[in-house]
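Beneath this line is the structure, given in structure tokens, with notes to follow.
Protein chains in written order, with my numbering: chain A, 83 to 165; chain B, 2 to 584.
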């Protein structure tokens, strides 16, 4: 479970860097996503990437409920375990 | 808990179907307390019709917004729309001012309120009370997440400080649902919904007396609210603290579906007036409707109206049948339907000519209708805000579109039975399918179109346009999907709404009990041609055969005093009874 959460966390970091709003190394998994330039549009993009990567339909509210990379990785890992 | 309504004398309205408002209001063309002439006078004086409001009070209008499980009479939203259309046929500002804002406020409670709050609001509405929607701040418009009016909690109470602007019924409503900032953090979890019942406390903590005057919807009592540490009990918190945006965006899907479907009735009335005017008014040795230009204007307006009617009717049914898909569907309806209807009204204003701008009796009400409808694309999820809902969801829509193999025929069965709305199934996601796009190719739809007919070929081309749109969406990047999106990205969202409307029209035409007009091959093709014209960005004139057929349809309905909207079921729609007239 922990390994999976860690893997999701790394993947999320990679995605956030790929969106080009922040440089890798300039943030931690506990930095609020809002501070990483992830507005509501990027939240939806992230949801799309999550759908593609994990074959799991998610609402943007998952980002509202889990506003950091660490929390989001935890939330996703729970959803995946439940799916 | 749900028997709360039975204590009220008006709970009797829940038993059986209430009277038809068309009958209670009387013929709007005839002189009377709620005829067009009086409505125009009341509008000029910026007042609500006292006669009409007392009829609505007696009719128990508030019970329509209360789910049957809470003691009201709302089961099928389609039926609700049918019951309220007679109001919008006569006076949209009465519809908005008497009721729709109260519905919008109550929806938030149905979505997120606890049992006690739902029972209390149900009781208040059945009693005839109003609730105002205290969300809007002029500085932020539809950008709700930046609203500033704030509340802080101390000792079991919220204290609200700030202003809300252009709020319908702010002064006369018994309650106001306030969206208040409860955290300084940016983002979507920083606002909370608070129900302020004025009987708890008013002055000196709140001033709601300043009225705002508007060009359209003049009779509405719009005004501002100024809160100066207004105390609201913690028990008035609707939903979790911080959940305002989520609750409102969920709840407003219902009103985004209902409002366009009601606006249909206003344009229905305007078309009726235009046909009467065009057949009466002498010009150049004939009547207006002898002139090809006037005929083309009227026919184009009718085609737009039929498309708008199909989309709005199907989206209302989708609230019940495809709730998870409704974020995109209701935004599409709230964007495209007012767009089509205001375009139709502009065309009709040209047809009316001087009778329009000089407000010549008995057609003076048309000018008011045009002003009133101009508000619909602005108010409550403006057109641009609705496109902004769709825009970032385009990639999600595409994924769902590509995996959707079939549509749901029940969506298109206008008037088919619907169970009470399950608010818990509405979401802020894109759902799991694209039922309207799929309708363009679904065999259950296509088998009702003669192979190789003009309409069938149009559906083929529209299906290809849907694929092409998908490829264009595929090429978009996230930076092109936000509020700063380039016009080309907005155009893709616009095109999607037109293609969803085409699916709705195709589906309605193919419905098992399809209204007779939608079985007419020329009318089917005319509407699809209109959509293709709009997709091309330049609307070509309709083929003369389409023009003649559409006008014959309208003239026939006006002569028989039947509503034009195929979705309207106030008159029996037996195919054999109408067959002769549509041939």
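For each residue, glycine too, the CB sits at the ideal point set by N, CA and C. Bear in mind that the values here come from a model prediction, so they are computed numbers and not experimental data.
A direct Cα-Cα distance of roughly 6 angstroms separates residue 130 of chain A from residue 397 of chain B.
Nearest neighbour of residue 428 of chain B by Cα position, chosen from B:351, B:412, B:529, B:321, turns out to be B:321. What residue 247 of chain B touches in chain A, judged by beta-carbon distance under 8 angstroms, is 143, 146, going in chain order. Proximity of chain A to residue 393 of chain B at the Cβ level (cut-off 9 angstroms) is accounted for by 122, 123, 124, 125, 126, 127, 142, in chain order. Under the 8 angstroms criterion on CB atoms, residue 418 of chain B is classed as non-interfacial with respect to chain A. In the three-state reduction of the DSSP assignment, residue 405 of chain B falls in the coil class, being assigned neither a helical nor a strand state. Here the alpha carbons of residue 444 of chain B and residue 22 of chain B stand approximately 39 angstroms from one another.
For the C-beta of residue 190 of chain B, the chain A residues within less than 7 angstroms are, from N- to C-terminus, 146.
At least 8 angstroms separates the CB of residue 107 of chain A from every CB of chain B. The residues 43, 94, 95, 98, 99, 220, 221, 222, in chain order, have a CB closer than 8 angstroms to that of residue 49 of chain B in the same chain once the five nearest residues on each side in sequence are set aside.
Using a Cβ-Cβ cut-off of 8 angstroms, residue 160 of chain A does not count as an interface residue toward chain B, since no Cβ of chain B sits closer than that to its own. Fewer than three pairs of CB atoms, one per stretch, sit closer than 8 angstroms, so the stretch 112 to 130 of chain B makes no contact with the stretch 166 to 173 of chain B. In the DSSP assignment, residue 164 of chain B falls within the beta strand (DSSP E) that extends over 158 to 169. Exclusion of the five residues before and after residue 104 of chain A leaves 98, 118, 119 as the residues of its chain whose Cβ lies within less than 7 angstroms of its Cβ. The way I'd put it, the stretch 225 to 242 of chain B does touch the stretch 151 to 168 of chain B; three or more beta-carbon pairs between them come closer than 8 angstroms. Within the DSSP secondary-structure output, residue 251 of chain B pairs in no beta bridge.
The Cβ atoms of residue 65 of chain B and residue 84 of chain B sit closer than 8 angstroms to each other. DSSP places residue 148 of chain B outside both helix and strand once states are collapsed to three, so it counts as coil.
Judged by beta-carbon spacing, residue 245 of chain B lies beyond the 8 angstroms limit of residue 226 of chain B, meaning their Cβ atoms are not closer than that value.
Within its own chain, the residues whose Cβ lies closer than 7 angstroms to the Cβ of residue 410 of chain B, once the five positions on either side in sequence are excluded, are 445, listed in chain order. Taking C-alpha positions only, residue 235 of chain B is separated from residue 373 of chain B by approximately 38 angstroms. For residue 139 of chain A, the residues of chain B that pass the 7 angstroms Cβ criterion are 430, 433, in the order they occur in the chain.
Taking a 10 Å sphere around the C-beta of residue 289 of chain B, we find 16 or more other C-beta atoms and assign the residue as buried.
Around residue 483 of chain B, the beta-carbon contacts reaching into chain A at under 9 angstroms are 121, 122, 123, 124. With contact defined as three or more Cβ pairs closer than 8 angstroms, the stretch 492 to 500 of chain B and the stretch 329 to 340 of chain B are in contact.
Listed along chain A, the residues sitting closer than 9 angstroms to residue 397 of chain B by beta-carbon distance are 126, 129, 130, 133, 139. When DSSP states are grouped into helix, strand and coil, residue 35 of chain B belongs to the coil group. Under a criterion of Cβ atoms nearer than 7 angstroms, the residues of chain A adjacent to residue 187 of chain B are, in order, 116. For residue 135 of chain A, the closest alpha carbon among the candidates B:285, B:293, B:400, B:539 is that of B:400. Around residue 314 of chain B, the same chain offers 415, 568 as residues with beta carbons nearer than 6 angstroms, after the five sequence neighbours per side are excluded. For residue 99 of chain A, the enclosing alpha helix (DSSP H) begins and ends at 84 to 100.
The C-alpha of residue 95 of chain A is placed about 7 angstroms away from the C-alpha of residue 151 of chain A. Contact annotation: residue 362 of chain B and residue 38 of chain B have beta-carbon atoms nearer than 8 angstroms. Look at residue 179 of chain B here: in three-state DSSP terms it is strand. Closest in alpha carbon position to residue 139 of chain B, among B:32, B:213, B:155, B:194, is B:213. Comparing alpha-carbon positions, the option among B:254, B:356, B:57 lying closest to residue 78 of chain B turns out to be B:254.
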